[in-house]
Amino acid sequence: MQVCSDATSASLASFLAWLGNDVFQIRRQVIVENLSAVYPQLDATQQIDLSRQMWRSLVLMCCEIAQAPRRINRYSWRNYIELNNLDALVAALLDRRPTILLSGHFGNFEIAGFAAGLFGFPSFTIARPLDNPQLNKFFNTFRGMHGQFILAKQGVSGQVTDLLQSGNTLTVLGDQADALSGIELDFLGRKATCHKAIALFALNSTCNMVVATATRQTRCMNFALTCVNVLDVEQLDKSERSIRSVTQWYNRQLENEIRRTPYQYWWLHRRWKAKKRRRRSGREKG
């Protein structure tokens, strides 16, 4: 996979997408449920076609991650990456204040972090360790090649606070569900739960919050790295300085990008978990 040509990667992605989607029907129920809720106008055939395109995009993502260290460097990156709205992104990253760089399970978000480090902007990334230790090692090695430092997802709030207070950059995927203690809001027209922590980190550090995406263009290893929008938390009105307002803002930015190229979103992702109601203890009931 590391030395495959783009044509071979594309053919492999098409075959494995067909195998996983049409033959083994991996996570078919979750995908169809998500697509039915977000795009109710699609019939069954259209849902399956979009699901197959999604799987193809995921396989291409794996091929690209395997090949990026060999092909993309500080001399060759222009052959693979197109930069959009660069001024806003650079201004935020060069600010002495901290930055939260936020994306979602969309496009090749791993390339976005890889490119940021390549361009001289190291970051700290919150990521859950993968269940497969070999895959976990592979991805973390890739992420760390240009100064992307991985933080375990659990129990890092104090560490993150210290990093932001020191003016560092935090990268995080903003479309994670938190059915236990998160807040509920609309995401792509459907109720979803969201972690409060991202907005809390932003409000407490008065940072720049940047939504960025790396979408695949016409071929494998061809990306548009886009600074979608920047929120200067320090400039927010008092009425906007709330967890809900900030969380809704970055979710809206992600929504707009997903609707432009829906096949590059992870529809297999359990984004729309219903909020769990805490059970009252016997003492509370009494």
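Count the sequence shown with the working numbering and you get residues 3 to 288, in order. Virtual Cβ for every residue (Gly too), placed ideally from N, Cα, C.
- Here the alpha carbons of Leu-14 and Trp-269 stand approximately 21 Å from one another.
- Judged by beta-carbon spacing, Ala-216 lies within the 8 Å limit of Gly-109, meaning their Cβ atoms are closer than that value.
- Assignment of alpha helix (DSSP H) within the stretch 74-131, counting only whole runs of 4 or more residues, yields 88-96, 111-120 in chain order.
- DSSP lists Ile-128 as the bridge partner or partners of Leu-153.
- In terms of Cβ geometry, Gln-255 and Asn-224 do not form a close pair [threshold 8 Å].
- Collapsing the DSSP output to three states places Cys-209 in coil.
- If you check the CB distance, Thr-127 and Asn-210 do not come in under 8 Å.
- In the three-state DSSP reduction, Thr-10 falls in the helix class (H, G or I).
- Taking the C-beta atoms as reference points, Phe-123 is found no nearer than 8 Å to Leu-166.
- Non-local beta-carbon contacts of Gly-106 in its own chain, meaning distances under 7 Å to residues more than five positions away in sequence, involve Leu-175, Gly-176, Asp-177, Leu-256 in chain order.
- Note on Trp-57: 16 or more other CB atoms within 10 angstroms of its CB, so buried under the neighbour-count rule.
- Residue state for Asp-234 is assigned as strand, using DSSP reduced to three classes.
- In the DSSP assignment, Glu-186 forms a beta bridge with Thr-195.
- The continuous stretches of alpha helix (DSSP H) do not include Val-25, and DSSP gives it neither H nor E.
- For Thr-263, there is no enclosing alpha helix (DSSP H), since its DSSP letter is neither H nor E.
- When C-beta atoms of the stretch 237-256 are compared with those of the stretch 197-205, three or more pairs fall below 8 Å, so the two segments count as touching.
- Under DSSP, the beta-bridge partners assigned to Arg-218 are Phe-225.
- Of all C-beta pairs linking the stretch 127-140 to the stretch 150-159, three or more are shorter than 8 Å, placing the two stretches in contact.
- Boundaries around Leu-137 are those of the alpha helix (DSSP H), 135-145, since no beta strand (DSSP E) includes it.
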